[in-house]
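Let me begin by presenting the structure, written as structure tokens, before commenting on it.
In the numbering used here, the protein residues as written are 1 to 107.
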């Protein structure tokens, strides 16, 4: 009998990364590269291309995934965003208001 631990098998990985920092970017198009914002510059260093993402924000934030021109996802303090999909880049804006944004990536 083989016992599978919580981070083994079934496509699970122990590669996990998260960053949290204040973001204040004008607009609602989510087209500012999150990695250009202090606190997020090394976001993809550990996981490379993520297979799952979760974005939380203390106030309204507008997020695009995998390049500009994609659908804008609105994240609020009560409605985080989570999806299982390949993510190689994240765009963000906050309407010009400061928000604490937390991004969690899973390899």
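All residues carry an ideal CB built from backbone N, CA and C; glycine is no exception.
Determine the direct distance from the alpha carbon of residue j to that of residue i, and round the result to whole angstroms.
{"i": "residue 79", "j": "residue 87", "result": "20 Å"}
{"i": "residue 19", "j": "residue 102", "result": "6 Å"}
{"i": "residue 71", "j": "residue 57", "result": "18 Å"}
{"i": "residue 10", "j": "residue 49", "result": "For residue 10, the pLDDT reaches just 41, beneath the cut-off of 50, and the residue's location in the model is therefore unreliable, although a value from the coordinates is still provided. So the two alpha carbons sit approximately 18 Å from each other."}
{"i": "residue 31", "j": "residue 95", "result": "12 Å"}
{"i": "residue 15", "j": "residue 44", "result": "11 Å"}
{"i": "residue 41", "j": "residue 65", "result": "16 Å"}
{"i": "residue 99", "j": "residue 83", "result": "21 Å"}
{"i": "residue 69", "j": "residue 34", "result": "15 Å"}
{"i": "residue 36", "j": "residue 26", "result": "14 Å"}
Starting from residue i, follow its DSSP beta bridges and name the residues at the other end.
{"i": "residue 50", "result": "87"}
{"i": "residue 61", "result": "75"}
Sort the options by Cα distance to residue i and report the nearest one.
{"i": "residue 22", "options": "107, 106, 92, 105", "result": "92"}
{"i": "residue 89", "options": "83, 82, 98, 67", "result": "67"}
{"i": "residue 54", "options": "27, 25, 76", "result": "76"}
{"i": "residue 81", "options": "97, 69, 105, 98", "result": "105"}
I'd like the list of long-range same chain contacts for residue i, defined as Cβ closer than 7 Å, with 5 residues on each side in sequence excluded.
{"i": "residue 46", "result": "15, 17"}
{"i": "residue 38", "result": "21"}
{"i": "residue 74", "result": "60, 62"}
{"i": "residue 51", "result": "84, 86, 106, 107"}
Can you list, in chain order, the residues of its chain whose CB lies under 8 Å from that of residue i, leaving out five sequence neighbours each side?
{"i": "residue 28", "result": "62, 72, 93, 95"}
{"i": "residue 97", "result": "24, 59, 60"}
Against chain D, with Cβ distances strictly below 8 Å, would residue i count as a contact?
{"i": "residue 87", "result": "In the structure shown, chain D does not exist; there is a single protein chain."}
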